[in-house]
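Asker: Quick one: structure below, then a few questions.
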Amino acid sequence: MIHLVTHYIHTHKLLSPAATVIVGVSGGADSMALLYILKEIGYNCVVAHCNFTLRQKESDADESFVVDYCRTNNLPCLVKHFDTKKHAQDNKISIEMAARELRYGWFETLRLHYQAEAIAIAHHFNDSIETILINLINGTGINGLTGIKPINGHIIRPLLCVNRKEIEDFLQKKHLHFITDSSNVENIYTRNKIRNILIPQIEEINPSFINTMQGTIHNLTTSATIYNSYIELKLKDIIESSSNNQVKISINQLLKEEHADTVLYEALKTYNFSPKLCASILNNVANSGKEYLSPTHKLLIDRDFIFLTPIKEKNDTHTYYIQQSDSSIEFPIKLNINILRNDASFHLSKKSTCACIDYSLLKFPLTIRRWKKGERFYPLGMKQSKKVSDFFVDNKIPTWEKEKCWIIESNGNIVWIIGYRLDDRYKVTTSTSLIFKISVKE
């Protein structure tokens with residue numbers, strides 16, 4: 010089995026030779042086999058044991074077993090006690106999820122401290138099958154039917170190539186001791202019900218179920234790879250631009266897709282939009298102005314596009330100032346400021362991110378603030394005032410962009426809608442002697 014695991018590690022590039030690795034060890038059969046094998050291969054193992062304080066004396070006995078084994082085998086061992094129930098209550102999550110969050114959070118801290126290459130977890134092939142069945146019961150797509158992945162970020166699972174019986178046989182052959190978690194036989198948790206009740210019943214129908222699943226998972230993984238490649242191409246077709254602040258999806262391109270519902274869901278699932286919500290979005294793409302919210306993002310249907318932006322806790326309604334002596338501003342928007350003479354060397358910038366203003370007309374300090382509904386200004390080139398909101402509509406500025414707009418104000422008057430339009434009253438003329446040039450830092 011050592012040779013099999015070694016081959017699996019090399020094939021999936023889980024670890025470099027002689028790498029330092031954090032090994033999660035509970036003291037159970039799987040983690041004891043993992044620790045033994047990694048040590049035999051020659052990796053520098055740092056043992057991490059979690060005491061979740063859920064089973065009182067039994068948890069303490071597990072801890073003592075792992076600590077004693079590491080002491081006997083000259084292995085570094087770290088132990089962490091967690092108040093798992095409190096973490097679950099405070100965060101309104103299940104005990105299972107609380108233990109998972111605490112475990113992986115601590116493991117990552119250790120990985121960084123020891124500069125380890127990875128965190129090794131003892132999931133094996135049976136665990137992968139159980140995960141598939143859980144996903145199938147709860148509802149999933151093709152990717153949810155491919156099982157546990159051998160590598161996920163810095164977390165590796167070298168035992169996915171072997172099943173539970175092979176591990177137990179290996180431990181017996183090597184005369185390796187382990188402990189049995191009494192909670193594993195309690196059918197309280199979903200995974201235990203699947204492991205102890207559902208799979209044995211399936212094996213009554215197909216005694217070779219575990220072995221059969223190897224081929225099935227291989228076939229499903231191949232199918233998922235083909236599906237993901239298809240989706241990747243389709244997302245390139247519909248997503249016009251993407252950044253940390255905004256994703257822009259072409260509705261016209263989306264509606265050309267044969268499976269528009271699936272493509273849209275794949276585009277939005279990363280942003281926590283449910284399949285049901287995605288279906289509603291698709292049915293309402295003609296309703297410009299309609300908005301949808303996920304726990305983390307806001308989606309806006311605006312004419313021919315879908316705009317996706319992160320939800321901010323609050324719109325910034327603060328007021329900021331530009332003093333007469335300032336040469337730059339860093340917050341709330343980065344600006345460069347220059348005072349120039351209006352002579353033959355000056356050339357008026359045509360960039361929307363730059364404004365050239367008659368310095369003599371300004372009263373300091375200037376104010377930087379969000380625009381307000383109902384307020385008016387004189388767009389450059391116009392002699393009549395216009396509502397800022399109407400200016401945005403006329404220039405087809407998307408709602409998500411409007412919400413992010415800042416204005417510069419002097420003595421109660423709008424001077425510049427930053428990045429969009431200067432107020433005509435403050436433009437540079439032939440009688441201007443000094444120019445206040447302000448530009449957005451690129």
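61 is the number that the numbering used here gives to position 52 of the sequence shown; each next residue is one higher, with no gaps.
We treat Cβ as the ideally placed atom computed from N, Cα and C, and that holds for glycine.
#1: Might you give, ordered along the chain, the residues of its own chain that have their beta carbon closer than 8 angstroms to the beta carbon of Thr93, omitting 5 neighbours on each side?
#2: If we require 4 or more residues per run, which alpha helix (DSSP H) segments fall completely within the segment 189-257?
#3: Counting along the chain, where does the beta strand (DSSP E) carrying Ser398 start and finish?
#4: So which of Lys101, Arg385, Lys48, Ser35 has the shortest CA-CA distance to Lys396?
#5: What are the boundary residues of the beta strand (DSSP E) that includes Val56?
#6: Taking only the alpha-carbon atoms, compute the straight-line gap between Ser337 and Ile331 and give it to the nearest angstrom.
#7: Going along the chain, which residues of its own chain have a beta-carbon closer than 8 angstroms to the beta-carbon of Gly383, five neighbours each way excluded?
#8: Would you say Leu43 and Leu168 are within 8 angstroms of each other, going by their C-beta atoms?
#9: On the three-state DSSP scale, how would you describe Thr318?
#10: Provide the residue span of the alpha helix (DSSP H) that contains Ser73, from first to last.
#11: Would you please state the rounded distance, in angstroms, between the beta carbons of Thr439 and Asp367? I believe it to be under 8 angstroms.
#12: Going along the chain, which residues of its own chain have a beta-carbon closer than 8 angstroms to the beta-carbon of Ala28, five neighbours each way excluded?
#13: In chain order, what residues of the same chain lie with their CB nearer than 8 angstroms to the CB of Asn261, ignoring the 5 residues before and after it?
#14: Let me confirm a value: Ala70 is counted as buried when at least 16 other C-beta atoms fall within 10 Å, else exposed. Which label applies?
#15: Please classify Ile138 as buried or exposed, where buried requires at least 16 other C-beta atoms within 10 Å of its C-beta.
#16: To the nearest angstrom, report how far apart Asn83 and Tyr123 are at their CA atoms.
#17: Taking 8 angstroms as the threshold (C-beta atoms), are Ile31 and Leu119 in contact?
#18: Quick one, which of Tyr329, Ile240, Arg378 has its alpha-carbon nearest Ile416's?
#19: So what does DSSP say about Glu300, is it helix, strand or coil?
#20: Using CA coordinates, which residue listed in Leu244, Thr271, Ile406 is at the minimum distance from Ser259?
#21: Select from Leu291, Phe445, Leu389 the residue whose C-alpha is nearest the C-alpha of Leu431.
#22: Any idea which residues DSSP pairs Trp425 with across the strands?
#23: When the Cβ atoms of the segment 278-286 are set against those of the segment 295-312, are three or more pairs found closer than 8 angstroms?
#24: Taking the runs of the alpha helix (DSSP H) that are 4 residues or longer, which of them lie wholly in the segment 123-186?
#25: Mind checking which residues open and close the alpha helix (DSSP H) that includes Asn347?
#26: Below 6 angstroms CB to CB, which residues in the same chain sit around Gly36 once its five sequence neighbours on both sides are set aside?
#27: Let me confirm a value: Asn100 is counted as buried when at least 16 other C-beta atoms fall within 10 Å, else exposed. Which label applies?
#28: Does DSSP put Asp313 in a helix, in a strand, or in coil?
#29: I need the boundaries of the beta strand (DSSP E) containing Lys89, first residue and last residue.
#30: Please say whether Lys257 and Phe316 have beta carbons closer to each other than 8 angstroms?
#31: Assuming Asn220 and Pro319 are in contact, meaning their beta carbons sit under 8 angstroms apart, how far apart are those beta carbons, in whole angstroms?
#32: Have a look at Ser232 and Leu47 and give me their C-alpha separation to the nearest angstrom.
#33: Quick check on the DSSP output: the alpha helix (DSSP H) that includes Tyr274 runs from which residue to which?
#34: How do the segment 152-167 and the segment 187-207 stand: do at least 3 beta-carbon pairs fall below 8 angstroms, yes or no?
#35: Let's test the definition: count the other Cβ atoms within 10 Å of the Cβ of Asn196 and tell me whether it reaches 16, buried, or not, exposed.
#36: Can you list, in chain order, the residues of its chain whose CB lies under 7 angstroms from that of Leu277, leaving out five sequence neighbours each side?
Answerer: Put simply:
#1: Phe61, Thr62, Leu63, Ile104, Ala107, Ala108, Leu111
#2: 199-202, 208-214, 218-247
#3: Per DSSP, Ser398 belongs to no beta strand (DSSP E); it is in the alpha helix (DSSP H), 397-403.
#4: Arg385
#5: 53-60
#6: Rounded to the nearest whole angstrom, the C-alpha separation of Ser337 and Ile331 is 9 angstroms.
#7: Lys396, Ser398
#8: Yes, these two residues count as a Cβ contact at 8 angstroms.
#9: strand
#10: DSSP places Ser73 in the uninterrupted alpha helix (DSSP H) bounded by 66-81.
#11: Thr439 to Asp367, Cβ: 11 angstroms. No contact.
#12: Tyr52, Asn53, Ala125, Glu126, Ala127
#13: Asp313
#14: exposed
#15: buried
#16: 17 angstroms
#17: yes
#18: Measuring from the Cα of Ile416, the nearest candidate turns out to be Arg378.
#19: strand
#20: Leu244
#21: Leu389
#22: Ile417, Leu431, per the DSSP bridge assignment.
#23: yes
#24: 134-147, 173-182
#25: From DSSP, Asn347 is part of no alpha helix (DSSP H) but of the beta strand (DSSP E) over 344-350.
#26: Scanning its chain for C-beta atoms nearer than 6 angstroms, with the 5 sequence neighbours on each side dropped, one finds around Gly36 the residues Asp71, Phe74, Val75, Ile188, in chain order.
#27: exposed
#28: coil
#29: 86-90
#30: Cβ atoms of Phe316 and Lys257: closer than 8 angstroms.
#31: Incorrect: roughly 46 angstroms between the Cβ atoms, too far for contact.
#32: Each residue's alpha carbon lies about 32 angstroms from the other.
#33: 269-277
#34: No, the segment 152-167 is not in contact with the segment 187-207.
#35: So Asn196 ends up on the exposed side.
#36: Cys287
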